[in-house]
Amino acid sequence: MSDNECCVEPEVEMEQVDGQGADAANGFERKYDLPEKRPDPQKYGIKENPEEKALDAINQEIMEDERYKDVENLTWQLEVFKGKFLEFEKDKQGNIDLFGLKRMMEKLGQAKTHLEIKKMISEIDSTNSGTICYRDFVMMMIGPKSSILKLILMFEQKGKEKEKPTGVAPKRNLADLP
1 MSDNECCVEP
11 EVEMEQVDGQ
21 GADAANGFER
31 KYDLPEKRPD
41 PQKYGIKENP
51 EEKALDAINQ
61 EIMEDERYKD
71 VENLTWQLEV
81 FKGKFLEFEK
91 DKQGNIDLFG
101 LKRMMEKLGQ
111 AKTHLEIKKM
121 ISEIDSTNSG
131 TICYRDFVMM
141 MIGPKSSILK
151 LILMFEQKGK
161 EKEKPTGVAP
171 KRNLADLP
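Note that UniProt numbering has the sequence shown beginning at 1, numbered continuously upward.
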């Protein structure tokens with residue numbers, strides 16, 4: 001191999017153009033062949049979430065259950081619950097553990113002690129595993145039993161629904177003031 005061979009640039013098809021192109025100084029524009037088929041998203045880090053599929057299956061079971069057919073906006077509620085659950089479920093086992101629940105409460109502005117968090121989990125946990133599985137989480141949210149976590153999450157949801165007025169504030173005079 002000679003010194004000239006290692007410095008040779010790969011051949012690129014060039015087309016002469018009249019305007020300003022990539023190489024407008026010498027009057028040529030580069031043309032590249034693009035692949036015809038779409039790239040596989042898994043090659044670029046976009047993977048299907050197996051936990052999300054499992055939660056969708058649980059949501060489907062709940063929607064088909066006769067006990068919950070009277071719940072208003074059930075499909076929408078289950079999607080919201082799934083999003084919240086996935087946000088705080090970090091062990092990839094399908095459970096919110098003590099620290100995940102603590103992080104959730106802190107994010108909601110309701111910081112709790114470890115003892116309070118353990119009590120909240122024990123109220124909800126049906127498997128006595130010390131964690132909250134998705135099924136328990138959904139049953140807590142749509143079920144008749146009230147818990148501290150349910151009240152806090154519902155309060156947070158209600159707080160987000162209020163829209164603040166936008167634009168210029170209306171003019172007021174002294175007679176309008178309280």
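Here a beta-carbon is modelled for each residue, glycine too, at the ideal position from N, C-alpha and C.
Spatial neighbours of residue i within its chain, please: CB distance less than 7 Å, with the 5 preceding and 5 following residues excluded, ordered by chain position.
| i | result |
| --- | --- |
| residue 133 | 94, 95, 127 |
| residue 54 | 94 |
Do residue i and residue j have their C-beta atoms within less than 7 Å of each other?
| i | j | result |
| --- | --- | --- |
| residue 88 | residue 105 | no |
| residue 71 | residue 142 | yes |
| residue 59 | residue 86 | no |
| residue 81 | residue 138 | yes |
Give me whichever residues DSSP pairs with residue i in a beta bridge.
| i | result |
| --- | --- |
| residue 95 | 133 |
DSSP three-state label for residue i, please.
| i | result |
| --- | --- |
| residue 89 | coil |
| residue 100 | helix |
| residue 138 | helix |
| residue 169 | coil |
| residue 126 | coil |
| residue 117 | helix |
| residue 109 | coil |
| residue 80 | helix |
| residue 22 | Per-residue confidence for residue 22 stands at a pLDDT of 48, beneath the threshold of 50, marking its modelled position as unreliable; no derived number is given. |
| residue 56 | helix |
| residue 72 | coil |
Who are the near neighbours of residue i in its chain, counting only those whose CB is closer than 8 Å to its CB and skipping five residues on each side?
| i | result |
| --- | --- |
| residue 121 | 98, 101, 130, 131, 132 |
| residue 74 | 62, 63, 68, 142 |
Got a sec? Which residues, its chain only, sit under 6 Å from residue i by beta carbon, not counting five neighbours each side?
| i | result |
| --- | --- |
| residue 112 | 105 |
| residue 23 | The predicted model places residue 23 with a pLDDT of 48, which falls under 50 and marks its position as unreliable; any figure quoted below should be read in that light. So the list is empty, once near-sequence residues are dropped. |
Exercise. Three or more C-beta pairs closer than 8 Å, one from the region 99-118 and one from the region 60-67: is that the case here?
Worked result: Result no; under three Cβ-Cβ pairs closer than 8 Å.
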